[in-house]
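The listed protein sequences correspond, in order, to chains R and D. Heads up: the first sequence begins at 1 in full-length UniProt numbering, then just goes up one per residue. Heads up: the second sequence begins at 1 in full-length UniProt numbering, then just goes up one per residue. Ideal Cβ placement from N, Cα and C applies to all residues, glycine included. Since the model is a prediction, treat every value here as computed from it, not as a measurement.
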Amino acid sequence: MLFYGTELSSRLMLGTAQYPSPEILADAVRAAQAGVVTVSLRRESAGLRAGQAFWSMIRDLGVPVLPNTAGCHTVKDAVTTAHMAREVFETDWIKLEVIGESDTLQPDMFALVEAARILTEDGFKVFPYMTEDLVGAERLLQAGCEVLMPWGAPIGSGKGLNNLFGLRALRAHFPDVPLVVDAGIGLPSHAAQAMELGYDAVLINTAVARAGDPAAMAGAFRLAVEAGRIARQADPMEERDMAVPSTPVLGRAVLA
Amino acid sequence: MKILVNEETREVSTTTLAGLLDELGYGDARVATAVDGDFVPASRRGGHMLAEGARIEILAPMQGG
């Protein structure tokens with residue numbers, strides 16, 4: 001699967017926020033064998049230079065970066081942040097977030113489509129963080145997006161895949177578009193489920209960063225993503241409402 | 001001249017964005033800049049004049065999800 005012409009080394013994308021320490025973050029990225037790490041931009045003070053140390057650590061990990069526009073609530077904020085991220089991280093990839101509602105951090109699909117159109121025209125390769133809205137997905141593709149990233153559940157909630165029907169419908173409608181479940185995954189089983197639905201990758205942050213042992217959890221997610229992917233390729237059985245004996249009935253002894 | 005840098009009021013003597021980064025000690029730090037809400041690329045910082053009360057954002061890489 002190609003993301004804007006690039007083959008990723010792994011279908012597990014990992015966020016870099018909320019880890020107990022930079023060392024634990026680095027351990028988790030290695031254990032996950034992450035194909036991409038997400039990063040962000042924040043205010044830098046000349047004295048502290050916290051951002052410079054972080055950037056040097058990320059560069060040493062050698063994993064492609066996907067900057068985000070986290071915290072943006074308007075088209076203008078998101079577009080300006082994307083431009084700043086492109087210069088700092090030297091990539092035209094952008095995980096586009098335009099938040100519409102503060103309690104759920106639900107994407108504003110209207111602003112998202114508008115920002116995606118502007119950024120695509122400016123040469124960005126947009127990874128839009130979206131709801132599982134089918135029509136919105138169509139509009140994002142028309143705006144120039146070549147990847148879609150629907151949420152599984154609200155960011156940081158760990159609730160897994162809230163709307164299986166919606167996620168399945170997206171997969172069925174856009175069989176050739178790279179699809180990534182971004183946000184809401186809390187356990188490796190959720191990640192495996194996303195891959196079993198035919199999603200091309202998952203993006204995890206809180207579930208790894210907030211685990212008691214982030215590196216171990218990162219390894220568990222790596223295995224789950226791989227298992228789910230192999231299961232999808234192996235063509236799972238159809239679900240049935242009634243029992244069907246797995247042991248052959250023919251030749252069964254009559255003992256009464 | 002008084003300006004706002006990352007929402008803190010600063011009294012500075014320089015008049016350009018490039019001069020501001022030097023004066024505040026950012027040196028060769030990897031940062032991106034915006035003035036009054038608009039992105040200003042590194043290549044244009046030297047010619048970007050700052051007005052009294054300008055709002056400057058100086059951003060750097062940070063952990064993100």
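Task: C-alpha distance - residue 148(R) paired with residue 139(R), whole-angstrom precision - done: Stepping through the first sequence from its first residue, residue 148(R) is reached at position 148. Stepping through the first sequence from its first residue, residue 139(R) is reached at position 139. Whole-angstrom Cα-Cα distance: 11 Å.
Task: Contact with chain R by residue 53(D), beta-carbon distance below 7 Å - done: By 1-based counting over the second sequence, the position of residue 53(D) is 53. Not an interface residue.
Open item on the list: Once DSSP output is grouped into helix, strand and coil, what is the label at residue 172(R)?
Closed with: If you number the first sequence from 1, residue 172(R) lands on position 172. Looking at residue 172(R) - three-state DSSP - the assignment turns out to be helix.
Task: Within 7 Å, strictly: CB atoms of residue 222(R) and residue 12(R) - done: Working through the first sequence from its first residue, we reach residue 222(R) at position 222. Working through the first sequence from its first residue, we reach residue 12(R) at position 12. Yes.
Open item on the list: I need the DSSP call for residue 50(D), collapsed to helix, strand or coil.
Closed with: Position 50 of the second sequence, counted from the start, is the residue given in the question as residue 50(D). In this structure, DSSP gives residue 50(D) a state outside helix and strand, which the three-state scheme calls coil.
TODO: Closer than 7 Å by beta-carbon distance: list the chain R residues that pair up with residue 11(D), in chain order.
DONE: Taking the first residue of the second sequence as 1, we reach residue 11(D) at position 11. None at all; the shortest Cβ gap to chain R is about 15 Å.
Task: Bounding residues of the alpha helix (DSSP H) (the contiguous stretch that carries residue 138(R)) - done: For the purposes of this step, residue 138(R) is taken as the residue at position 138 of the first sequence. Residues 134-142.
Open item on the list: Whole angstroms are fine: how far does the CA of residue 197(R) sit from the CA of residue 239(R)?
Closed with: Here residue 239(R) refers to the residue found at position 239 of the first sequence. Here residue 197(R) refers to the residue found at position 197 of the first sequence. Each residue's Cα considered, the two are about 13 Å apart.
Open item on the list: Tell me the rounded alpha-carbon separation between residue 112(R) and residue 75(R).
Closed with: Sequence index remark: in the first sequence, residue 112(R) carries index 112 (1-based). Sequence index remark: in the first sequence, residue 75(R) carries index 75 (1-based). Straight-line Cα distance between these residues: approximately 7 Å.
- [ ] Provide the residue span of the beta strand (DSSP E) that contains residue 38(D), from first to last.
- [x] Position 38 of the second sequence, counted from the start, is the residue given in the question as residue 38(D). 38-40 is the span of the beta strand (DSSP E), which, as asked, contains residue 38(D).
TODO: Can you tell me which of the three DSSP states residue 93(R) falls into?
DONE: Stepping through the first sequence from its first residue, residue 93(R) is reached at position 93. Here residue 93(R) sits in strand by DSSP.
Task: Residue-chain proximity (residue 73(D), chain R), Cβ-Cβ < 7 Å - done: This structure cannot settle anything about residue 73(D), because the visible part of chain D is limited to 1 through 65.
- [ ] Measure from the C-beta of residue 41(R) to each C-beta in chain D and report whether the shortest distance is under 7 Å.
- [x] For the purposes of this step, residue 41(R) is taken as residue 41 along the first sequence, with counting starting at 1. Yes, residue 41(R) lies at the interface with chain D (some Cβ there is under 7 Å from its Cβ).
Open item on the list: Quick check: what's the CA-CA separation for residue 55(R) versus residue 62(D)?
Closed with: The residue you call residue 55(R) lines up with position 55 of the first sequence. The residue you call residue 62(D) lines up with position 62 of the second sequence. If you take the alpha carbons of residue 55(R) and residue 62(D), they lie about 7 Å apart.
- [ ] Would you please verify whether the beta carbon of residue 119(D) is less than 7 Å from any beta carbon of chain R?
- [x] Outside the displayed span of chain D (1 to 65) sits residue 119(D), for which this structure offers no information.
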